[in-house]
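Protein chains in written order, with this note's numbering: chain L, 372 to 655; chain C, 372 to 655; chain W, 372 to 655.
As structure tokens, this is what we get:
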């Protein structure tokens, strides 16, 4: 349990901070009223006041891979223990289950078993995974097209109210893993996948920053970067202010992954990059 | 009163959940600082802590019809009783009044009398409608261009603080109804209006889903859809995954209205549709 | 101290409203997960529950001038005393300091010393400015690219927890002032700068509305407006509904500055205007 979860007030009385519920969706700004419906259902059903926060609703539509990136890199900064709901689902209406995961730290993760939870939370942390099927806790009229509101939100409220995860439904099949390419390191290269692309066209890879030291990519070294049939040169370990306009740099991002950027330009355009595709770094 | 509004804590003491105030505007993401001003004024004036939530700020600018759609379809999922403020107003500076509505369930609705409240809340629920005129509760310097902040937000805070609606001002003229075409059902057709268009170009009509059964639009049946001079064929009651790329489908949306969509395409583009215009479905 | 900050409940017991922390950034909608990280760090570190609100995250990327506009015009409507964090920083990684400012009303302002705080809060209100350097309160692994999360958020939480500003670090150099042109009034002209441009292309200047009276710009008077090499005529003191489509008007905006707009058009396009550039109004 998070050390800050329970506090004492001036008179030594224990104050309970509100329960935390976090939302991560691909509804976009235009889908804000769907977020309102999720929040409303949770607030109607929670017996005590809870605090509902947004991780982001700006996931590229249906991108389970980018959703994993946002979840994995943001979660360490959230107040824990908490309940996270993820509504990013290219397979709405298909046969994948809606599941709830419990980890060792008392956190719950709710969403479709479609690859979003394949890498995070890590397998060593997970203690139970259940299919959400208990009709008693679901909103009565279950629409085929909004399972977030009708299944996930009521399940989150039930867990916040103290229901044990076993009561949600039977044990789940193994969690799906999405198709983001794994990182592989060779003598003079490393390959991985594109985890995300930000609003400026910077490319975030899944290659950990620790590699910079490990493979001796010292500052100023020029490496080749390949995405599909395109190859471009990028300079290591410098910042945008160190290069001229159009300068191409590879650097450690705030999430401690290698990122590629172009000063006042777009690395994603230069490399014709898309989320989820393989990326290859080579050097001499 | 909502059954969850009052709760008891572990010691049986009654806990008061915070008052709910909901915002619905067309400020857009770029107008977020206007939302901050609304929230700030409410938080300054509320004597007790209140909870301010966003229904959406993504209403198409000035679209009273889309605002009605968002309000009508989202409200059933919100924690009630609550106060809703709607700031969507093509007639800023014109002669329509700013009104407050009270319904039988203890909810209040605040906004311009410009058609936003003509269908929801329903007439049978409304027990009082007042023009907000009481100078004592308004922010002193009333700007001609931001009545949301200077009239509506202070009125909402006053109601949250326990003021009775009669003290806001005199009874209002009848509530305006906006120009969304009504639904009419014939032997082999139904006409209605376009309530909203989502980020993917799906068209949401005001034709209730119950019609599917009533008029025997069974799954797989092809119907003709007319908007203006354009007519296109759509297949009934199937999902996107049932048709190929470009396939045109009519289905029941999460708000229980008929919706039109194109698999990986835009129904709004295909039909050159705009919010508020008439739409006609015909079949043999 | 704000008169509403302390309240008494039904039994006369003093209720403490939650501490207010406001965020102002240029993260955009796509950067919402960065906002989640700021909020999460604050919520982890605050000993009591606090209320975190968004001023806006829609600042034009790196525009210190527009950020100043949003801060200056929104702050009067916020619940005070509060802590404001501003993360808008074209010079990330450069040598400017991260500072904390305390004003006479008990408010704190945290952000880079890069021109954002040069005009607001006003010098007469400021009682202390410190460089945030105390390693004990900072998040341990300080990333070069996200000082908002790793320096500013922990400093805000520390102040909310009661730390005195002197403990954050040594006194700061004078606050930088950004390059927005100052207002100058002549016999038949006034010059100033462009503070902001809204989603409709309306131009917000830094010329105060009081000028309308002072220089006798009566309703209906036509004035010349110059931006760079472009000059256009605008009509004073009327609203959009008073002119035909394409009509160009100068009016008092909701922030009490002169604004320029085009009915169903964009003043920013007509004048090829950008935030921060000089603007000149002339009349006969």
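Positions of the beta carbon are idealized from the N, C-alpha and C atoms, including for glycine.
Just how far apart, CA to CA, sit residue 489/C and residue 446/C? The count along the second chain starts at 1 and reaches residue 489/C at position 118. The count along the second chain starts at 1 and reaches residue 446/C at position 75. Each residue's Cα considered, the two are about 15 Å apart.
Report the CB separation of residue 435/C from residue 486/C in whole angstroms; it is logged as a contact under 8 Å. Numbered from 1 along the second chain, position 64 holds the residue referred to as residue 435/C. Numbered from 1 along the second chain, position 115 holds the residue referred to as residue 486/C. Yes, residue 435/C and residue 486/C are in contact; Cβ-Cβ is about 5 Å, under 8 Å.
Tell me residue 632/C's beta-bridge partners as DSSP assigns them. The sequence position of residue 632/C within the second chain is 261, counting from 1. Looking at the DSSP assignment, residue 632/C forms a beta bridge with 620/C.
Between which two residues does the alpha helix (DSSP H) harbouring residue 638/L extend? In the first chain, the residue the question calls residue 638/L occupies position 267. Looking at the DSSP string, the run of the alpha helix (DSSP H) that includes residue 638/L is 638-641.
Buried or exposed: which applies to residue 601/W, given that a residue is buried once 16 or more other Cβ atoms fall within 10 Å of its Cβ? In the third chain, the residue the question calls residue 601/W occupies position 230. Counting Cβ neighbours within 10 Å, residue 601/W comes out exposed, since fewer than 16 surround it.
CB contact flag (residue 641/L, residue 633/L, <8 Å): One-based indexing of the first chain puts residue 641/L at position 270. One-based indexing of the first chain puts residue 633/L at position 262. Result yes, Cβ atoms of residue 641/L and residue 633/L sit closer than 8 Å.
Cβ closer than 7 Å: which chain W residues qualify as neighbours of residue 400/C? The residue given as residue 400/C occupies position 29 in the second chain. Neighbours of residue 400/C on chain W, chain order: 400, 429.
Would residue 517/C count as contacting chain W if we go by Cβ distances under 8 Å? The sequence position of residue 517/C within the second chain is 146, counting from 1. Chain W contact via Cβ: present.
So, do the stretch 574-581 of chain W and the stretch 604-613 of chain W have three or more beta carbon pairs nearer to each other than 8 Å? no
Given that a residue counts as buried once 16 or more other Cβ atoms are within 10 Å of its Cβ, and exposed if not, what is residue 587/L? As a first step, residue 587/L must be located in the first chain, where it is residue number 216. By the 10 Å Cβ count, residue 587/L comes out exposed.
Cα-Cα separation, residue 453/W to residue 423/C: Taking the first residue of the third chain as 1, we reach residue 453/W at position 82. Taking the first residue of the second chain as 1, we reach residue 423/C at position 52. So the alpha carbons of these two residues sit roughly 18 Å apart.
Determine contact between the stretch 543-556 of chain W and the stretch 615-629 of chain W, defined as no fewer than three beta-carbon pairs at a distance below 8 Å. no
What are the residues of the stretch 446-467 of chain L that lie near chain W, defined by any Cβ-Cβ distance shorter than 9 Å? 446, 447, 448, 449, 450, 451
So residue 441/L contacts chain W; which residues on that side make the cut at Cβ distance below 8 Å? For the purposes of this step, residue 441/L is taken as residue 70 along the first chain, with counting starting at 1. The contacting residues are 404.
Do we get a CB-CB distance below 8 Å when we pair residue 389/L with the residues of chain W? Position 18 of the first chain, counted from the start, is the residue given in the question as residue 389/L. Chain W, which has a Cβ nearer than 8 Å to the Cβ of residue 389/L, makes this yes.
Closer than 8 Å to chain W by CB, residue 383/C: Here residue 383/C refers to the residue found at position 12 of the second chain. Since pLDDT at residue 383/C reaches only 40, below the 50 mark, its modelled position is unreliable, and no value is offered.
Near residue 636/C, what residues of its chain come up, given a Cβ to Cβ distance below 6 Å and the 5 sequence neighbours on each side ignored? As a position in the second chain, residue 636/C is number 265, starting the count at 1. 617, listed in sequence order.
According to DSSP, simplified to helix, strand and coil, what is residue 522/W? For the purposes of this step, residue 522/W is taken as residue 151 along the third chain, with counting starting at 1. DSSP places residue 522/W in helix when its eight states are reduced to three.
Please decide whether residue 425/W counts as near chain C, where near means a Cβ-Cβ distance under 8 Å. Start at 1 with the first residue of the third chain, and residue 425/W comes out as number 54. Yes, because at least one Cβ of chain C sits closer than 8 Å to the Cβ of residue 425/W.
Taking Cβ-Cβ distances below 7 Å as the criterion, which residues of the stretch 601-628 of chain L are in contact with chain W? 610, 612, 624, 625
If we require 4 or more residues per run, which alpha helix (DSSP H) segments fall completely within the stretch 546-596 of chain L? 582-585
If you reduce the DSSP assignment to three classes, tell me which class residue 444/C lands in. Residue 444/C sits at position 73 when you count from the first residue of the second chain. Reduced to three states, the DSSP call for residue 444/C is helix.
At a Cβ cut of 8 Å, what residues of the stretch 552-570 of chain W count as close to chain C, listed as they run along the chain? 569, 570
Once you ignore the five residues that flank residue 432/C on each side, which residues in its own chain have a CB closer than 6 Å to its CB? As a first step, residue 432/C must be located in the second chain, where it is residue number 61. Around residue 432/C: 397.
Can you pull the chain C neighbours of residue 411/L, defined as C-beta to C-beta under 8 Å? As a working mapping, residue 411/L is identified with position 40 in the first chain. Residues of chain C passing the Cβ test: 424, 445, 448, 449, 450.
Output the distance between the C-alpha atoms of residue 448/L and residue 412/W, rounded to the nearest integer angstrom. Position 77 of the first chain holds residue 448/L. Position 41 of the third chain holds residue 412/W. Whole-angstrom Cα-Cα distance: 6 Å.
For the beta strand (DSSP E) that residue 651/W lies in, which residues bound it at each end? For the purposes of this step, residue 651/W is taken as the residue at position 280 of the third chain. From DSSP, the beta strand (DSSP E) with residue 651/W extends over 649-653.
Helix, strand or coil at residue 405/C [DSSP, three-state]: What you label residue 405/C is simply residue 34 of the second chain in a count that begins at 1. Helix.
CB contact check: residue 473/L to chain C, cutoff 8 Å: Along the first chain, one-based indexing puts residue 473/L at 102. No, because no Cβ of chain C sits closer than 8 Å to the Cβ of residue 473/L.
contact_flag[the stretch 533-548 of chain W, the stretch 496-509 of chain W] where n(CB pairs < 8 Å) is 3 or more: yes
Tell me residue 534/W's beta-bridge partners as DSSP assigns them. If you number the third chain from 1, residue 534/W lands on position 163. Answer is none; residue 534/W lacks a bridge partner.
Span separating the alpha-carbon of residue 482/C from that of residue 524/C: For the purposes of this step, residue 482/C is identified with residue 111 of the second chain, where counting begins at 1. For the purposes of this step, residue 524/C is identified with residue 153 of the second chain, where counting begins at 1. Approximately 10 Å, taken between the alpha carbons.
For residue 506/L, which of helix, strand or coil comes out of DSSP? One-based indexing of the first chain puts residue 506/L at position 135. The answer is coil: DSSP assigns residue 506/L none of H, G, I, E or B.
Return no unless some Cβ of chain W is closer than 8 Å to the Cβ of residue 414/C. Taking the second chain and counting its residues from 1, one reaches residue 414/C at position 43. For residue 414/C, the answer is yes, since a Cβ of chain W falls inside 8 Å of its Cβ.
According to DSSP, is residue 476/W part of a helix, a strand, or is it coil? As a working mapping, residue 476/W is identified with position 105 in the third chain. DSSP places residue 476/W in coil when its eight states are reduced to three.
Beta carbon of residue 458/W nearer than 8 Å to that of residue 399/W: Against the third chain, residue 458/W aligns to sequence position 87. Against the third chain, residue 399/W aligns to sequence position 28. For residue 458/W and residue 399/W, no; Cβs fall outside 8 Å.
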